[in-house]
Amino acid sequence: MSQLDFLSELGIDSDNLGGYSSGWLGSGDNLESTTPVDGSTIASVKQCTTENYNSIVSNSKKVFRKWRMEPAPKRGEVVRLLGEEFRKYKEPLGKLISWEMGKIQAEGEGEVQEMIDITDFAVGLSRQLYGKTMHSERPLHRMYEQWHPLGNIGIITAFNFPGAVWAWNAMIAAVCGNTMVWKPSSKTPLTAVAIQKIVNRVMEPLGWDGVMNLMIGRGREVGDLMINDRSFPLVSATGSCDMGRKVGTAVSKRLGRSLLELGGNNAIIVMDDADIEMAMSAILFGAVGTTGQRCTSTRRIFLQKGIADKFTEKLTNTYKQVRIGNPLDSSTLMGPLVDTSARDTYVQAIETIKNEGGEILYGGNIIDGDGCFVEPTLVQANSEMSIVREETFAPILYIFSFDDLDSAIDMHNSVDQGLSSSIFTSNVSAMEEFLSHRGSDCGIANVNIGTSGAEIGGAFGGEKDTGGGREAGSDSWKVYMRRQTNTINWSSNLPLAQGIEFNLD
Ligand code: NAD
Numbered sequence: 005m006s007q008l009d010f011l012s013e014l015g016i017d018s019d020n021l022g023g024y025s026s027g028w029l030g031s032g033d034n035l036e037s038t039t040p041v042d043g044s045t046i047a048s049v050k051q052c053t054t055e056n057y058n059s060i061v062s063n064s065k066k067v068f069r070k071w072r073m074e075p076a077p078k079r080g081e082v083v084r085l086l087g088e089e090f091r092k093y094k095e096p097l098g099k100l101i102s103w104e105m106g107k108i109q110a111e112g113e114g115e116v117q118e119m120i121d122i123t124d125f126a127v128g129l130s131r132q133l134y135g136k137t138m139h140s141e142r143p144l145h146r147m148y149e150q151w152h153p154l155g156n157i158g159i160i161t162a163f164n165f166p167g168a169v170w171a172w173n174a175m176i177a178a179v180c181g182n183t184m185v186w187k188p189s190s191k192t193p194l195t196a197v198a199i200q201k202i203v204n205r206v207m208e209p210l211g212w213d214g215v216m217n218l219m220i221g222r223g224r225e226v227g228d229l230m231i232n233d234r235s236f237p238l239v240s241a242t243g244s245c246d247m248g249r250k251v252g253t254a255v256s257k258r259l260g261r262s263l264l265e266l267g268g269n270n271a272i273i274v275m276d277d278a279d280i281e282m283a284m285s286a287i288l289f290g291a292v293g294t295t296g297q298r299c300t301s302t303r304r305i306f307l308q309k310g311i312a313d314k315f316t317e318k319l320t321n322t323y324k325q326v327r328i329g330n331p332l333d334s335s336t337l338m339g340p341l342v343d344t345s346a347r348d349t350y351v352q353a354i355e356t357i358k359n360e361g362g363e364i365l366y367g368g369n370i371i372d373g374d375g376c377f378v379e380p381t382l383v384q385a386n387s388e389m390s391i392v393r394e395e396t397f398a399p400i401l402y403i404f405s406f407d408d409l410d411s412a413i414d415m416h417n418s419v420d421q422g423l424s425s426s427i428f429t430s431n432v433s434a435m436e437e438f439l440s441h442r443g444s445d446c447g448i449a450n451v452n453i454g455t456s457g458a459e460i461g462g463a464f465g466g467e468k469d470t471g472g473g474r475e476a477g478s479d480s481w482k483v484y485m486r487r488q489t490n491t492i493n494w495s496s497n498l499p500l501a502q503g504i505e506f507n508l509d
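Under my numbering, think of the first position of the sequence shown as 5, with each following residue one higher.
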């Protein structure tokens, strides 16, 4: 059996994926998908041209007019069937994610599980798109609000969660009655093609092709067309802060709505009274998991002075045991970075760390060979270093020490990003302080849990340069719908609000 049998299980057996399949049209230049494990090409995919773009968008707008008429619980039933199909392909799709972007198989399959979980959530939600009823100040009047589908939604996704981020958006947008067009990262086109094939298998027989559409192409080309296109009332964009600034500016210029899920610079505070083993495991998974390429990856840790030296020594020993290698090998804990440009960014960051006076305690080197493997890196940092304020998308962890919680929170909040944060402590006051309005300034704040690995039931997203968007659970669905306030007068008079009299006599 070949290591890459999962490709044929997913129906990816051609060297030249493109042409027309429902919801996906590509007749432009080839884009090669390569694996960061050894740099070899997996397959090539045809990208969208401007004509392809126009044809996909005009078809999905047409389909929207039918899809919005389907009752929400029936749309939920379609999403339930999608979830069933994702369950069947959990292993091969998880393996493809690992092979195409480098995360280990357990995390690749975990990502598909997240896709399944959000379908379950969306099915329930399809019967709970509640609006409020208010008491009117006028007699015999009824006032209430309803939530209507928004239209054809644009979804732009990053390489590091090539399936889950699409699913977070797509499943909720679908039960809300929207059609959508997905522009995935050009670093992970095959995962997108494999997912679209699964979608087509469910949607085509039901007559719902065109609800979920795929458009592969460069951010600066098809992405640019989408963000400037007034026919997309909402563009949900996940990626770097730089990308978010461009997308946010273009969409707001045409007074559209954007949902931005951007970079993080996540930190964990470890107090003297913390459970050290638990904190150590959370930091290892947070900093090394997905090769440091999660938006919620742990990038900074703040250790209270009483435990700082011992903790650092123990963490350094733990780092020595991280097994690096083929992400499909079950003993591997850390796979490669996504590509050679990510590896170059790592090399430049190490250079800057040294120039800025950071002390490399472990790692700092690339691993020779055709793959994009690097060592997980621990740095004794100081607050003067400017690089600690940036999100370097690689397994580099900065260690700081502190005296009291107030100063730790100040350092914690001193960066531009505001996604995920944690404190490890057994002291109830410290927990509450961290979660209070003068504590963490992030969209996600955890106690005795690391920064990465969110559940889909909560609203996911961050503040400040992370963009302010919220996806997945809680009431995040509201951004995919438009609110309408309705007042019905069932009396035989026309009283005006605020008691205003406006009569001719
Ligand atoms: P990226 O910004 O390079 O690309 C993200 C997506 O934006 C890609 O599909 C890309 O083609 C597209 N894009 C780029 N320029 C565009 C433009 N001008 N118009 C339209 N689309 C454009 O990010 P990446 O390297 O793929 O992913 C890593 C980044 O994503 C990190 O910063 C990470 O923190 C962030 N991220 C955030 C979240 C979150 O939920 N907050 C989740 C995952 C990743």
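Note that beta-carbon positions come from the ideal geometry of N, C-alpha and C, so glycine has one too.
Residue environment, residue i, which counts as buried when at least 16 other CB atoms sit within 10 Å
i: His139; result: exposed
i: Asn497; result: exposed
i: Arg234; result: exposed
i: His441; result: exposed
i: Met485; result: buried
i: Glu55; result: exposed
i: Tyr134; result: exposed
i: Ala501; result: exposed
i: Pro193; result: buried
i: Lys257; result: exposed
i: Ile413; result: buried
i: Leu508; result: exposed
i: Arg131; result: exposed
i: Pro40; result: buried
i: Trp494; result: exposed
Residue i beta carbon near the ligand NAD (any heavy atom closer than 8 Å)
i: Phe464; result: yes
i: Ser262; result: no
i: Arg234; result: no
i: Gly243; result: yes
i: Asp246; result: yes
i: Arg303; result: no
i: Gly1; result: Lying outside 5 to 509, the shown extent of the chain, residue 1 is not represented and no answer is given.
i: Leu423; result: yes
i: Thr455; result: no
i: Met230; result: yes
i: Cys52; result: no
i: Ser190; result: yes
i: Leu341; result: no
i: Arg266; result: The question names Arg, but residue 266 is Leu in the sequence shown. Yes; taking the cut-off as 8 Å, the Cβ of Leu266 has a heavy atom of the ligand NAD nearer than that.
i: Tyr446; result: Here residue 446 turns out to be Cys, not Tyr, going by the sequence shown. Checking the Cβ of Cys446 against the ligand NAD gives no.
i: Gln1; result: Absent from the model: residue 1. The displayed extent of the chain is 5 to 509, so no value can be given.
i: Phe165; result: yes
i: Thr161; result: yes
Supposed contact pair residue j and residue i - C-beta distance, whole angstroms, cut 8 Å
i: Thr166; j: Ser189; result: The question names Thr, but residue 166 in the sequence shown is Pro. Confirmed, about 7 Å.
i: Ser456; j: Gly290; result: 5 Å
i: Ile120; j: Gly87; result: 5 Å
i: Gly477; j: Ile504; result: Gly477 to Ile504, Cβ: 43 Å. No contact.
i: Ala198; j: Ile16; result: 6 Å
Contact check, residue i vs residue j, beta carbons under 9 Å
i: Leu129; j: Arg261; result: no
i: Arg405; j: Leu288; result: Here residue 405 turns out to be Ser, not Arg, going by the sequence shown. Contact: no.
i: Thr295; j: Ala398; result: yes
i: Gly422; j: Ile400; result: no
i: Ile453; j: Ile273; result: no
i: Ile160; j: Ile220; result: no
i: Asp42; j: Gly329; result: no
i: Thr242; j: Leu266; result: yes
i: Pro380; j: Val326; result: yes
i: Gly443; j: Phe464; result: no
i: Ser62; j: Ser48; result: no
Same chain only: Cβ atoms within 6 Å of residue i, ignoring 5 sequence neighbours per side
i: Ile108; result: Pro331, Thr336 and Gly339
i: Val483; result: Leu263
i: Asn269; result: Arg303, Glu395, Val419 and Gln421
i: Ile492; result: Arg146
i: Met5; result: Confidence is the limiting factor: at Met5 the pLDDT is only 49, short of 50, which leaves the residue's position unreliable, though a coordinate-based value still follows. Correct list: empty, nothing qualifies.
i: Ala458; result: Phe464
i: Pro499; result: Arg142
i: Val342; result: Pro40, Met105, Gly106, Phe163 and Lys191
Cut-off 8 Å between Cβ atoms - residues of its own chain near residue i, not counting five sequence neighbours on either side
i: Met216; result: Gly27, Ala174, Ala178, Thr183, Met184, Trp186, Gln200, Val203 and Met207
i: Asn386; result: Gly361, Gly362 and Phe404
i: Asn431; result: Met275 and Asp277
i: Asp2; result: Outside the displayed range of the chain (5 to 509) lies residue 2, so it cannot be described from this structure.
Residues near residue i in its chain [Cβ-Cβ closer than 7 Å; skip 5 each side]
i: Val351; result: Ile370
i: Gln488; result: Glu149, Gln150 and His152
i: Gln51; result: Gly30, Gly32, Asp33, Leu35, Ile220 and Gly221
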